[in-house]
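Presented below is the structure to which this report refers.
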Amino acid sequence: MVVLTNLMAQQTIWRLPEESRVLFATLIVAGAFVLILGLIPVLQTLPPRGRRAIVVTVTFLAGLFFAAEFFLPVDWTAIFPKDDPKRNFLTPAIQPAQNVLQIIGALALGLGTFGLVRLHLRNAVQRRAQWGYSIVLLVSFVVMAAFSILNTLAEKKIVERGPVLERGFAILFDHTLIQLDAAMFSLVAFYIFSAAYRAFRIRSVEASILMFTAMLVMIGVVPLGAQISPALPTIANWVLAQLNAPAQRAIEFGVGIGGLAMAIRLWLSLERGVT
Amino acid sequence: MQARTQSVWQRMLSVDRRWLYLILFVNIVIFLLAPLRMPASISPPVQKFYDEIEKLQPGDLVMISSNWSASTLAENQPQLEAVITHLMRKQARFTIISIEAQSRDISYRLAERVTKEKGYQYGEQWAHFGFVPNLVVAIKGMVTDLPNTIKQDVRGTEISKMPALRGVKSLSDYKVVIDVTPSGTVPAWISYSPKNLTILYCPTSVMAAEAYTYLDSGQIKGMITGAKGAQEYEQLLGIKGLGAPFANTISFSHLLIIAFILLGNFAMLMNRLQARREG
Amino acid sequence: MSYQHAQDNWFSAIIIGFIALAVLMNILRAQLGAQLYIRRIPGLDAIDEAIGRSTELGRPVTMIPGLTSFGVVAVQALTIFKYITKQIARFATPMRLLSGDPTVFAVAQEAIADAYNEAGRPDLYDPDNVRFLSDRQFAFASGVAGLIQRERVAANFMFGEFFAESLIFAETGNMVGAIQIAGTVSFTQVPFFVAACDYTIIGDEFYATSAYLSREPVLLGSLVGQDIAKLLFALTTLGGVIAASIAGTDAPIIKLLGQPGGWEAFWKSVLQGGGQ
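Structure follows, in structure tokens:
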């Protein structure tokens, strides 16, 4: 037991040995495939209650890992002198666990991209409504992906950065993507204008307070406000620091507590919403 | 039966929004091109930001977390340029990290341009850590072991071999972290970075509202808000940047919006009066 | 030292423990039959009205979980969308769920398929109606805005975490005359939703939505537990204000509570009876 916890504390158990890293990694991936392929028929033969029991157990253990890592004391040097006093025996496993979550996220990105491409391919092949836009999407997707991948390989000196790649990537990234991104964000300014013109009306006491406060802050936070009156920036800062901040604090408390309660319900499988 | 024609007040209330967009567009273009420049009054958060950087000694390490992309270029670019200029003035070492692939490229190119103009050497006085996919994991890793968490910079050089990072073992070796971002990444820095680290914040104007609680509690020591904050900071530094022209354009856009809000309310009032008169 | 473990900040650890206890005890209370009250939330009452309007007009309903990455916010958003889908299935109203996160998209496909199954209309489920558009903020925004405009949606539900793109969704929905209900935990986007949407659900009302719609005892109990925790926060703040006003901010007990320094500091203060 002492040897095991010492090993876990020293990270040895969470990292593959340097010398045979490729072999161990291959074995782990192959083992995972076999486990999953073997697990699927077992899960299918189980009754729904049995499947739910497995899901509940796995969810609980996964949540328990992170909760235990946070709550367990960190300084175990009194019992294990070789231990690092800044972490407990689960802390070294956090990084690998987060890496696993990121890999799952990357797989999900592949799934999402597959769904998108499939939809638009079908639109194009079956000539559904507005299939021309689907062609545009597919061509843009392929071209941008090709240039981006080549650019990354060129950065790592795996392929040569020729003039076509250089120019092509500059056109696609600097002159197209960046400009389109900025253009879309700039729409927000125009939409704010139309939304403010439509919404800021004296319809009720609350709406009037909202309107006048918004106007005060809008003019107070810009240089023009200071030119009109030195009091305006002071009032605007006061509204932001003394009215906005406490209200926001109150909302953030509620949101934080709500999030924690929801996390507890999910961990203990008390939440029946999505599952 | 003849259709009732709309009164001028009704027409004002139901104006096609495209006219509003055109008016705003013309307003922005005029004041962006006009040579009119107004000085800004320095707000307390910007003054605190400046004072914190002024406390730095030559050789102190600063972490810049740059997470903005092209969409918020108008607000975050002047902030980052002004901050890097100030850090170079204080001869501080700095490293840049990004959680977005696009922001990695943008911040790297911007820093290269600004530092080249002032003679700062890459690798000697500054470095770019490239892109990390998960900020919380990266911060937690850097708190314990920075060289093994980041491993390589954006050019592929090992962190442990870089003169700019000589002797750096963890985030605790830094003095300040500056978060230049359009998204809510500063709570991660507040929660997970070492408590001796000073956190400074450069958000877009939209995100600034939620940072006042952190300013109030002292978890953030200073803040530069959007283009206007960049203008104030440029003023403190005595440099010319993009903050001033952008902030002036914003001033007159705000004035236009306020004018139209008042006009809309006036039209609503007149419409009600007219309706009452007509029975 | 950073707050990476409970030992770095005993005060937070105790608070988390108390909140968890309050939630679990009230869930138990609810399961044992206690009648729990929840106040009216107008935005949620309007969901059925919005769906009815969509059905009459024959135009689709859009559901947007935003750029929420998979977590408690996304699960809550999908729970709400599942409820909406079950209502939609009764009237065979067309729907589109547009996701900006691939993991949320994968879970949403299953959730929406389940919703149609539970409503007894599995034939209405079309996987192409649950779409992943892009994880890039403004690519996603332009995709959503384009779809709303082209399909002239009649009802637009936005629940989740939003950033600058929120106003693009809301204003585009307003342009096509859609009835819009938004719920978000993103404080900075609330003003945009208030200005552009018909109903806005703010802050922890978002987490109360599943309890409000389903009236399940577990969820109602959890909500009561949350409110008790909020009351504790309010009383702690009030107590801290009074104590600091009387004793001054340099008093040992104020310093102890205001600057947590780990379990050692806490036990020392308890054993020594007053702080350091």
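The listed protein sequences correspond, in order, to chains A, B and C. Quick note on numbering: this note's numbering labels position 157 of the first sequence as 157, and the sequence is numbered without any gaps. Quick note on numbering: this note's numbering labels position 100 of the second sequence as 100, and the sequence is numbered without any gaps. Quick note on numbering: this note's numbering labels position 234 of the third sequence as 234, and the sequence is numbered without any gaps. For glycine and all other residues, C-beta sits at the position ideal for the given N, C-alpha and C.
Cβ pair residue i, residue j closer than 7 Å
i: Thr149 (chain B); j: Ala127 (chain B); result: no
i: Val177 (chain B); j: Ile199 (chain B); result: yes
i: Ala154 (chain C); j: Ala178 (chain C); result: yes
i: Gly238 (chain B); j: Pro78 (chain B); result: no
i: Ala229 (chain C); j: Leu220 (chain C); result: no
i: Val73 (chain C); j: Val185 (chain C); result: yes
i: Gly112 (chain A); j: Phe138 (chain C); result: no
i: Ser43 (chain B); j: Asp181 (chain A); result: no
i: Leu98 (chain C); j: Ala108 (chain C); result: no
i: Ile235 (chain A); j: Leu216 (chain A); result: yes
i: Ala89 (chain C); j: Arg53 (chain C); result: no
i: Arg249 (chain A); j: Thr213 (chain B); result: yes
Boundaries (first-last residue) of the beta strand (DSSP E) holding residue i
i: Glu161 (chain C); result: Ala155 to Glu161
i: Ala182 (chain C); result: Ile179 to Thr184
i: Ser65 (chain B); result: Leu61 to Ser66
i: Arg93 (chain B); result: Arg93 to Ser98
Span separating the alpha-carbon of residue i from that of residue j
i: Gly58 (chain C); j: Ile51 (chain C); result: 10 Å
i: Leu293 (chain A); j: Glu216 (chain C); result: Given that chain A is displayed from residue 1 to residue 275, the structure contains no residue 293 (chain A) and the question cannot be resolved.
i: Gln2 (chain B); j: Ile28 (chain B); result: The pLDDT assigned to Gln2 (chain B) is 45, lower than 50, so where the model puts this residue is not dependable, and the model offers no usable value.
i: Gln102 (chain B); j: Leu67 (chain C); result: 17 Å
i: Ala196 (chain C); j: Phe33 (chain A); result: 49 Å
i: Ile80 (chain C); j: Asp48 (chain C); result: 12 Å
i: Asp198 (chain C); j: Gln4 (chain C); result: 42 Å
i: Asn134 (chain B); j: Phe65 (chain A); result: 19 Å
i: Leu263 (chain B); j: Leu187 (chain A); result: 23 Å
i: Pro163 (chain B); j: Pro45 (chain B); result: 33 Å
i: Ser205 (chain B); j: Ser69 (chain C); result: 23 Å
i: Val241 (chain C); j: Thr172 (chain C); result: 46 Å
i: Ile30 (chain B); j: Gln227 (chain A); result: 20 Å
i: Arg51 (chain A); j: Leu268 (chain A); result: 16 Å
i: Gly335 (chain A); j: Phe147 (chain A); result: This structure gives no information on residue 335 (chain A), because the portion of chain A shown stretches from 1 to 275.
i: Met1 (chain C); j: Leu243 (chain A); result: In this predicted model, Met1 (chain C) has a pLDDT of only 45, less than 50, meaning its place in the structure is not dependable; the value taken from the coordinates is given anyway. For Met1 (chain C) and Leu243 (chain A), the distance between alpha carbons rounds to 32 Å.
i: Thr93 (chain C); j: Asp128 (chain C); result: 15 Å
i: Asn88 (chain A); j: Pro96 (chain A); result: 15 Å
i: Gly222 (chain B); j: Asn156 (chain C); result: 39 Å
i: Gln6 (chain B); j: Ala207 (chain A); result: 26 Å
i: Ser229 (chain A); j: Pro245 (chain B); result: 21 Å
i: Leu32 (chain C); j: Val218 (chain C); result: 10 Å
i: Ala119 (chain C); j: Pro65 (chain C); result: 22 Å
Neighbour-count burial assignment, residue i, 16 or more Cβ in a 10 Å radius
i: Asp145 (chain B); result: exposed
i: Ile104 (chain A); result: exposed
i: Gln121 (chain B); result: exposed
i: Ala30 (chain A); result: exposed
i: Val143 (chain A); result: exposed
i: Ile19 (chain C); result: buried
i: Glu232 (chain B); result: buried
i: Trp19 (chain B); result: exposed
i: Arg7 (chain C); result: The question names Arg, but residue 7 (chain C) is Gln in the sequence shown. Buried, since its Cβ has 16 or more Cβ neighbours within 10 Å.
i: Ile94 (chain A); result: buried
i: Gln276 (chain C); result: Its pLDDT being 42, under 50, Gln276 (chain C) is placed unreliably by the model, and the measurement read from it follows with that caveat. Label assigned to Gln276 (chain C): exposed.
i: Lys175 (chain B); result: buried
i: Asp179 (chain B); result: buried
i: Asp83 (chain A); result: buried
i: Leu232 (chain A); result: buried
i: Tyr37 (chain C); result: exposed
Enclosing alpha helix (DSSP H) for residue i [first to last residue]
i: Met215 (chain A); result: Val205 to Gly220
i: Ser12 (chain C); result: Trp10 to Gln31
i: Phe65 (chain A); result: Pro48 to Phe71
i: Thr213 (chain B); result: Tyr212 to Ser217
i: Ile228 (chain A); result: Pro223 to Ile228
i: Ala30 (chain A); result: Arg21 to Thr45
i: Ile23 (chain B); result: Arg17 to Leu33
### Task
Only counting runs of 3 or more residues, tell me where the beta strand (DSSP E) segments fall wholly within the stretch 83 to 153 of chain C, in order along the chain.
95 to 99 and 130 to 132
### Task
At 4 residues or longer, and completely inside the stretch 193 to 241 of chain C: list those alpha helix (DSSP H) runs for me, N to C.
205 to 214
### Query
In chain order, which beta strand (DSSP E) runs of at least 3 residues are fully inside the stretch 128 to 201 of chain A?
none
### Query
What runs of the alpha helix (DSSP H), each 4 residues or longer, lie entirely inside the stretch 155 to 191 of chain B?
none
### Message
Which runs of the alpha helix (DSSP H) at least 4 residues long sit entirely within the stretch 238 to 278 of chain B? Give them in chain order.
### Response
243 to 277
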